Amino acid sequence: MFYSTVTALALLGLGVNGQDVQTAPKAVDPLITSGKAVGSNMPTVGFGTWMLPNNDKGAEAVARAMKLGYRHFDGATAYTNQQAVGKGLALGLKNNPHIKREELWITSKIWATRHKDVTGGIDINLKQLGLDYIDLMLVHFPVIFQGNSQQPKKDDHGAPIANATVTVAEYDYLPMWAAMEAALSAGKIKHIGISNFNVTQIDDLLAHAKVKPYVHQIEAHPYLQDWKFYDYHTSKGLRLAAYAPLGNTNPEYHYRNWKSAGKAMLSDPTLSAIATARGCSTAQVALAWNLARNVTTVVKAQNAQHAIENYEARQTCKLTSEDLAKIKALDQDGKGGKRYWDMCCAMDLPCYHGLQDGPVGPAAADYCEDPWKNIKYNKERTDLWLTKRPACNALF
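Using mature numbering (1 follows the signal peptide of the UniProt record, and there is no 0), the letters of the sequence shown correspond one by one to residues -18 to -1, 1 to 378.
Here's what the structure looks like:
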């Protein structure tokens, strides 16, 4: 167990005020706060649903989270569990009539096989979730795969197959973004954003977009701080949201036996010492660190105690400037980073080109530790990256 025991306290949603616009302010600021979702304010502590079972147990976890105080729920078509998430949302609203739909913030993601039918992808999300609208729709990855609307096809080695027959004229992420911009006017989605983009891709998107991304969701935690990337977003006025904010606590990392999983981040002695000093858990310290940077956290928990603990992090765990300095020293900058969900390796794509974490060229064969890596059986990575924009083929 990676979490410390905490007392379950009464959890109340906190009202927020803010301008109802799609674009972010000129600099990242604390306009987005935990509690009720009002207008364009995204609650900063989100309940993640990746690997939540697509059954009654998953639905009950969502409903329980709503009762505990969560108002932000993060999902995706690719998680293949949105039916359970939708049932959980409906159950939570039914059991707690004082909570209104407009107080919730639902995030979902367009998967990498829906590049030609964004409208259809949105409709699938709405149907699965049983909703009339979704508050935030993200482009899950700036790549596409062969396959159906949910899962990519895989080769004999279990690796996703990119669609090498698609030409530049047929697809890149700019037309997909334009389609999402158009979808805003239909009212089925309220905001649009991105996930897993790199600097060159974001610059390219901003140069052509009519609507600025509301948020960029990336992996971020004390072992992967990436301050240059953080400062870049601040300079562009882009909000950040963090997935995997607790590092490698998810059993998926251990199931695949990735060497990069290593020792649990939450067992770090520095984090543990800070937790003891502040009277909170190491998980709360990790979450409070991201929140102190005004970064929204998306954290999953099927256990009720963990869900309470995660939600309370902002109120319970107050970090000092000395604490933040100690945590900053944990960053793996220049050491390859601790990217626990490394899509560059899992999908053999240069997803994070231009960032600090890891080498490029042939050395990446040693860096990528995921057993899916196609480089083992002589498959060119550039053939697997679909858009031919500069950021996409610069790595190999």
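Virtual Cβ for every residue (Gly too), placed ideally from N, Cα, C. Computed from a predicted model, the values in this text were never measured in an experiment.
Paired residues, beta bridge with residue i - DSSP
i      : result
Thr279 : Val27 and Ala224
Phe123 : Partner(s): none; Phe123 has no beta bridge.
Phe55  : Phe29 and Ile88
Leu206 : His203
Ile116 : Ile171
Closest by C-alpha distance to residue i, when choosing among the options
i      : options                           : result
Asp99  : Met158, Gln110 and Thr31          : Met158
Tyr155 : Asp313, Lys170 and Val121         : Val121
Asn230 : Ile81, Ile106, Ala43 and Lys320   : Lys320
Ile106 : Arg260, Ile88, Gln65 and Asn36    : Gln65
Leu50  : Trp87, Glu294, Tyr322 and Val280  : Glu294
Ile256 : Gly219, Leu301 and Ala226         : Leu301
Thr264 : Thr278, His288, Arg275 and Thr31  : His288
Leu118 : Asn276, Gln183, Leu228 and Glu163 : Glu163
Phe123 : Cys262, Thr62, Gln199 and Leu71   : Gln199
Ala274 : Ala259, Gly68 and Ala224          : Ala224
Leu113 : Leu75, Trp93 and His80            : Leu75
Ser217 : Leu228, His190, Ala202 and Val181 : Val181
Arg260 : Ser303, Ala226 and Gly219         : Ser303
Lys310 : Ala202, Gly219 and Ala165         : Ala202
Ala60  : Ala43, Lys91 and Met24            : Lys91
Leu312 : Leu206, Val277 and Gly219         : Leu206
Leu228 : Gln183, Pro35, Thr279 and Val44   : Thr279
Ala226 : Trp32, Ala43 and Trp93            : Trp32
Leu86  : Trp93, Met24 and Ile104           : Met24
Tyr214 : Pro204, Ile184, Ala191 and Lys192 : Ile184
Lys109 : Leu73, Lys69 and Glu84            : Lys69
Leu39  : Leu71, Ile104, Ile290 and Pro204  : The sequence given here places Lys at residue 39; Leu does not occur at that position. Ranking Leu71, Ile104, Ile290 and Pro204 by Cα distance to Lys39 puts Leu71 first.
Cys299 : Val267, Gln314, Asn276 and Tyr322 : Val267
Cys175 : Ala47, Leu222 and Glu84           : Checking the sequence shown, residue 175 turns out to be Gly, not Cys. The option with the nearest alpha carbon to Gly175 is Leu222.
Val193 : Asn63, Leu166 and Phe211          : Leu166
Exposed unless 16 or more other CB atoms sit within 10 angstroms - verdict on residue i
i           : result
Asp28       : Checking the sequence shown, residue 28 turns out to be Gly, not Asp. When all chains shown are included, Gly28 counts as buried.
Thr26       : buried
Ser249      : exposed
His285      : The amino acid at residue 285 is misidentified as His; the sequence shows Asn. Exposed, since its Cβ has fewer than 16 Cβ neighbours within 10 Å.
Trp271      : buried
Pro251      : exposed
Pro195      : buried
Leu188      : exposed
Ala168      : exposed
Gly57       : buried
Lys282      : buried
Gly30       : buried
Gly102      : exposed
Asp305      : buried
His80       : exposed
Ala292      : Sequence inspection shows Asn at residue 292; the Ala mentioned does not correspond to that position. Buried: at least 16 other Cβ atoms inside 10 Å.
Trp209      : exposed
Thr258      : exposed
residue 460 : The first residue shown for the chain is -18 and the last is 378, placing residue 460 beyond what the model contains.
Asn78       : exposed
Pro341      : Annotation note: pLDDT 37 at Pro341 (below 50); position unreliable, coordinate value reported separately. Exposed, because fewer than 16 other Cβ atoms sit within 10 Å of the Cβ of Pro341.
Asp186      : buried
Val67       : buried
Asn178      : buried
Asn37       : exposed
Ala307      : exposed
Lys82       : exposed
Lys172      : buried
Ala6        : Because Ala6 sits at a pLDDT of 35, beneath the cut-off of 50, its placement in the model cannot be relied upon, and the following sentence gives the value as read from the coordinates. Classification for Ala6: buried.
His190      : exposed
Ile88       : buried
Extent of the continuous beta strand (DSSP E) to which residue i belongs
i      : result
Ser90  : Trp87 to Ile92
Ser177 : Ile171 to Ser177
Val100 : Segment Val100 to Leu111 is the alpha helix (DSSP H) holding Val100; no beta strand (DSSP E) there.
Gln199 : Val197 to Glu201
Residue i, enclosing alpha helix (DSSP H) - first and last residue
i      : result
Ile309 : Ser303 to Lys310
Lys82  : Premise fails: Lys82 is in no alpha helix (DSSP H) and is neither H nor E.
Gln65  : Gln64 to Asn77
Pro251 : Pro251 to Arg260
Arg296 : Ala286 to Thr298
Arg46  : Asp38 to Leu50
Tyr322 : Counting along the chain, Tyr322 falls outside any alpha helix (DSSP H), and DSSP gives it neither H nor E.
Ala165 : Tyr155 to Leu166
Asn180 : Element bounds for Asn180: n/a, residue is neither H nor E.
Val267 : Thr264 to Ala274
Min CB distance residue i to chain D below 8 Å
i     : result
Asn23 : Protein chain content of the structure displayed is limited to a single chain, and chain D is not contained in it.
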